[in-house]
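In my numbering, the protein residues as written are 588 to 951.
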């Protein structure tokens, strides 16, 4: 884990010269980041790593002589370094990126097959945040879980940009509970660990995991093959049902709504909230408004503070709230901020989150 008292030193690996140049420019717009070098393939990268060890690597998937996934596995088995994968926005690419996350990659950034340089420039905030998150990641937790702006600073919008705050405590408790979960860096594998522990009759669960569009569909599909609960990428109007898990689609906010005696999700566009779409703050606020004491909030590993304000709103509306502890988090940013905002009732390890969800369901 890198000390942030000095610049984060990044090695960019991509076979496209224009992408290497664009990534270097985007990253170095942040005074806390320094691109120490660039390489066009893994063999050149290996020589550079032997000479000078980077803090973070950005790694392309498709490259000559050796693909990025193979090189990632070699890095993680020989000399673990935080890696942010860079891939094209395709269905095939999304499946490959699932393999990268399983192999120990900390995060994902996207590049289109056409116009990659312009796209990367427009996605500067997201790319820099991914690298900063990787720099402070606890790789021991990544590996343990796996084995078991070009436009300048942007205004950081709150959930007010999508829906108004809750007006007070929501309706009286019902017999149905809904668990609302938020995660970011390190969350893909942490969510797998948590969901694999849940039985088929678990309460309905809605999840925001910071992940690009299209990748969430592959992520949900992968989880569905591993878990007793049914997992799918959420669609607008999907009901929240026992034994089912809905994952917010990338680049769309997901809100919890109550229609009569049941809960459904609304999937919609909207501005970035806490620099994210989907945003955990938006989901949590909607749960505070629609479910109140019928909801449970869970904040898991991730960089930044998305979800902290929303969890406090859930807590104030009567929801039971839990945060993942520092020892089991890849990045303790989001849980730490939620605790600081006063919205967390209990802090537990990753291995105990599923148990808390089931215990709260039994209490109801």
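All C-beta atoms in this analysis are idealised placements derived from N, C-alpha and C, irrespective of residue type, glycine included.
A quick note: this is a predicted structure, and the numbers were derived from the prediction, not measured.
Backbone CA spacing between residue i and residue j [nearest angstrom]
i	j	result
residue 740	residue 713	Any reading at residue 740 needs caution, since the residue's pLDDT is 41, under 50, leaving its predicted position unreliable; the model's value is listed next. Going by the C-alpha atoms only, they are around 11 Å apart.
residue 881	residue 861	25 Å
residue 886	residue 770	6 Å
residue 605	residue 787	48 Å
residue 654	residue 690	13 Å
residue 616	residue 789	46 Å
residue 817	residue 836	16 Å
residue 913	residue 889	11 Å
residue 602	residue 644	14 Å
residue 805	residue 719	25 Å
residue 810	residue 833	11 Å
residue 864	residue 649	27 Å
Beta-carbon spacing of residue i, residue j below 9 Å
i	j	result
residue 628	residue 600	yes
residue 705	residue 673	no
residue 685	residue 775	yes
residue 884	residue 920	no
residue 854	residue 825	yes
residue 918	residue 725	yes
residue 598	residue 622	yes
residue 895	residue 793	no
residue 782	residue 946	no
residue 671	residue 633	no
residue 815	residue 778	no
residue 905	residue 870	no
For residue i, three-class secondary structure by DSSP
i	result
residue 740	Bear in mind that the predicted position of residue 740 carries a pLDDT of just 41, short of 50, making it unreliable; the figure below should be weighed with that in mind. Correct three-state label for residue 740: coil.
residue 856	coil
residue 734	The predicted position of residue 734 is uncertain, since its pLDDT is 49 and thus under 50; a value taken from the coordinates is nonetheless stated next. Residue 734: helix per DSSP, three-state reduction.
residue 757	Because residue 757 sits at a pLDDT of 46, beneath the cut-off of 50, its placement in the model cannot be relied upon, and the following sentence gives the value as read from the coordinates. Three-state DSSP puts residue 757 in coil, outside helix and strand.
residue 602	coil
residue 653	coil
residue 774	helix
residue 705	helix
residue 617	coil
residue 640	coil
residue 711	helix
residue 785	coil
residue 629	helix
residue 688	helix
residue 624	strand
residue 828	coil
Cβ-Cβ separation, residue j to residue i (assumed contact under 8 Å), whole Å
i	j	result
residue 791	residue 829	6 Å
residue 821	residue 843	Actually they do not touch by this definition, with Cβ atoms about 10 Å apart.
residue 687	residue 944	About 28 Å separates the two Cβ atoms, so there is no contact after all.
residue 910	residue 899	The pair is not a contact, with the Cβ atoms about 12 Å apart (cut-off 8 Å).
Identity of the residues DSSP links to residue i by a beta bridge
i	result
residue 820	834
residue 952	What the structure shows of the chain is the stretch from 588 to 951, and residue 952 is not part of that stretch, so it cannot be assessed.
residue 767	793, 884
residue 902	Note: residue 902 sits in no beta bridge, so no partner.
residue 611	Its beta-bridge partners do not exist; DSSP assigns none.
residue 841	854
residue 889	919
residue 910	886, 934
Check: residue i C-beta below 8 Å from any heavy atom of the ligand PLP
i	result
residue 851	The ligand PLP is not part of this structure, which contains no ligands at all.
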